[in-house]
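For reference, the structure is listed below as structure tokens.
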Amino acid sequence: MSLEFTASEMMSVTAARALTNDMTCFVGIGLPSEAANLARLTHAPDVTLIYESGTLQTRPDILPLSIGDGELCESALTTVSVPEMFRYWLQGGHISVGFLGTAQIDRYANLNTTLIGDYRNPKVRLPGGGGAPEIAANAKEVFITVKHSKRTFVRDVDFVTTVGFGRDGKARDNVPNIGRGPSVVITDLCILKPDPETRELVVTSLHPNVTREDVIDATGWEIRFADRLETTPAPTAGELEVLRSLKARTHAHHSGQH
């Protein structure tokens, strides 16, 4: 009997698997937070999770609504000031991976969380960069997890809030003291990685029951596929159980049912 799981669960489980026990991970709110805590509760109990508000080795029982959520501070080993977090931990090279979400991403893995439309007359104003631009510049590598749609996967982002590889794929070339940038993008349809030469995102693995056409239809540019296209391993019963329990606890807490 095969397990039933949603595309969102597939994405969170796959993103969680990208983290390992020895990593120090700077976690974004939302999908990255879900994946990072799933990793901590399953195969990577010793992963060190750090949030922008200064919480070190955070072990929340529920997912935070924002970086200011008290759950992060209460469950952390310690909390440091935001300037120390960025100046010492991040700029000092102590973060192995930054885990980010986004509103828009383009073919060179640039992220936009600033606005949709024209800068002077935007259709939508978004929350802004927060710590993401600094995380992308200083973490040793960047993982991105985001739902796949033409609205999100655009040929060129409306505004580069957080640099991936720049408008031409060359923004990181010969730049000293900067991380290697996005190494993987995990969506609810597939896994993408930057081409070693051009840095353009290429699909390397399709999730179960997802076709090439599904990905093409959800991407705003002519997406390329790897010559050796893999199939992402499906979630296990254990992974799904932990994820669903985490989400149920979170929902109950934030809706006042705890």
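Following my numbering, the numbering of the sequence shown begins with 58 at its first residue and continues without gaps. Glycine included, each C-beta is placed from N, C-alpha and C at the ideal position.
So, under 8 angstroms CB-CB, residue i and residue j are touching, yes? Tell me the CB distance rounded to an integer number of Å.
| i | j | result |
| --- | --- | --- |
| glycine 158 | leucine 88 | 5 angstroms |
| isoleucine 14 | threonine 71 | In the structure displayed, the chain extends from 58 to 315; residue 14 sits before or after that span and is not available. |
| isoleucine 192 | glycine 149 | Not quite, the Cβ-Cβ distance comes to about 13 angstroms (not below 8 angstroms), so this is no contact. |
| alanine 275 | histidine 205 | 5 angstroms |
Kindly identify the DSSP beta-bridge partner or partners of residue i.
| i | result |
| --- | --- |
| arginine 281 | Val259 |
| threonine 171 | Looking at the DSSP assignment, threonine 171 forms no beta bridge with any residue, so it has no partner. |
| tyrosine 108 | Val84 |
| lysine 250 | Val259 |
| leucine 157 | Ile201 |
| arginine 182 | Leu172 |
| isoleucine 162 | Leu168 and Phe210 |
| glutamate 287 | Ser262 |
| isoleucine 243 | Thr202 and Ile248 |
| leucine 113 | Thr135 |
| threonine 219 | Leu168 |
Measure the C-alpha to C-alpha separation of residue i and residue j and round it to an integer number of angstroms.
| i | j | result |
| --- | --- | --- |
| leucine 303 | leucine 106 | 16 angstroms |
| serine 90 | arginine 116 | 11 angstroms |
| aspartate 213 | glutamine 314 | 43 angstroms |
| tyrosine 176 | glycine 188 | 21 angstroms |
| proline 179 | leucine 172 | 6 angstroms |
| histidine 100 | aspartate 79 | 11 angstroms |
| threonine 136 | valine 199 | 23 angstroms |
| glycine 223 | proline 184 | 21 angstroms |
| alanine 196 | proline 233 | 13 angstroms |
| glutamine 161 | threonine 202 | 11 angstroms |
| arginine 144 | threonine 112 | 14 angstroms |
| alanine 194 | leucine 147 | 9 angstroms |
| glutamate 131 | leucine 95 | 19 angstroms |
| alanine 305 | leucine 286 | 34 angstroms |
| valine 260 | proline 251 | 9 angstroms |
| proline 253 | phenylalanine 83 | 24 angstroms |
| asparagine 169 | alanine 294 | 35 angstroms |
| phenylalanine 216 | isoleucine 235 | 21 angstroms |
| glutamate 270 | isoleucine 280 | 10 angstroms |
| glycine 125 | glutamate 141 | 16 angstroms |
| arginine 301 | serine 69 | 11 angstroms |
| glutamate 296 | glutamate 109 | 27 angstroms |
| glutamine 114 | glutamate 128 | 13 angstroms |
| threonine 289 | leucine 134 | 34 angstroms |
| isoleucine 86 | alanine 73 | 14 angstroms |
| arginine 237 | leucine 258 | 14 angstroms |
Could you name the residues of the same chain whose beta carbon sits closer than 7 angstroms to that of residue i, not counting the 5 residues immediately before and after it, in chain order?
| i | result |
| --- | --- |
| threonine 81 | Thr105, Ile107, His151, Ile152 and Ser153 |
| glycine 327 | Since the displayed the chain opens at 58 and closes at 315, residue 327 lies outside it and no answer follows. |
| arginine 256 | Tyr165, Phe222 and Gly226 |
| leucine 122 | His311 |
| threonine 244 | Met68, Val203, Lys204 and His205 |
| isoleucine 273 | Ile280 |
Can you give me the Cβ contacts of residue i inside the same chain, cut-off strictly under 6 angstroms, excluding the 5 residues immediately before and after it?
| i | result |
| --- | --- |
| threonine 307 | Ile119 and Leu120 |
| valine 267 | Leu246 |
| valine 181 | Ile173 |
| leucine 98 | Val299 |
| alanine 291 | Pro265 |
| methionine 67 | His264 |
| serine 240 | Glu198 |
| valine 139 | Gly111 |
| alanine 64 | Asp245 |
What residues in its chain sit with their C-beta under 8 angstroms from that of residue i, if we drop five residues either side in the sequence?
| i | result |
| --- | --- |
| methionine 58 | Reliability of the predicted coordinates at methionine 58 is poor, the pLDDT of 49 falling under 50, and no value is obtained from them. |
| proline 190 | Thr218, Thr219 and Val220 |
| aspartate 103 | Asn78 and Asp79 |
Say yes only if the C-beta of residue i is nearer than 6 angstroms to one or more non-hydrogen atoms of the ligand GTP, and no if none qualify.
| i | result |
| --- | --- |
| valine 203 | For the structure depicted, the ligand GTP is absent and the ligand set is empty, with no information on it obtainable. |
### Message
If contact is defined by three or more beta carbon pairs under 8 angstroms, each pair taking one atom from either stretch, is the stretch 222-235 in contact with the stretch 161-177?
### Response
yes
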